[in-house]
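Taking it in order: structure first as structure tokens, then the write-up.
Residue numbers (the numbering used here): 2 to 123.
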């Protein structure tokens, strides 16, 4: 699969979305990413995503493939599965987009308010 990877260097704004839209798979194997937003950006344009189980966004995302950051074989298997099995590709594409479309700041803010109310006994 090495012939199919592109290392673009730094991209800005619209360049990021154009690159994501032309991608078959997005992978974020980060070990110390408190909450990387890039998988959400990929999912929003319908790109199946593979993320590290140890990343912050792994706690809230379900329609992705999660691997350990150190397990390169599992990552390679995940990429292979997405590009080989059309039903898996389509499922992650559609359900991933649906999932991130439901993540909005208003809902996140309301959750924080509700937690504070609960802690304060209001």
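Glycine residues also receive a C-beta, built at the ideal position from the N, C-alpha and C atoms. What you are looking at is a predicted structure, and each value in this text was computed from that prediction instead of being measured.
Which residues DSSP lists as bridging residue i, in chain order
i: residue 52; result: 29, 67
Beta-carbon proximity of residue i to residue j, cut-off 8 Å
i: residue 12; j: residue 48; result: no
i: residue 31; j: residue 70; result: yes
i: residue 51; j: residue 65; result: yes
i: residue 36; j: residue 10; result: no
Expected contact under 8 Å - CB spacing of residue i and residue j to nearest Å
i: residue 105; j: residue 25; result: 27 Å between Cβ atoms; not a contact.
i: residue 28; j: residue 95; result: Actually they do not touch by this definition, with Cβ atoms about 19 Å apart.
i: residue 77; j: residue 67; result: At roughly 15 Å, the Cβ-Cβ gap does not stay under 8 Å, so residue 77 and residue 67 are not in contact.
i: residue 46; j: residue 18; result: 6 Å
Tell me whether the region 98-114 and the region 38-58 touch, counting them as touching only if at least three CB pairs, one residue from each stretch, are closer than 8 Å.
yes
* Asked: In chain order, which beta strand (DSSP E) runs of at least 3 residues are fully inside the region 65-119?
  -> 66-68
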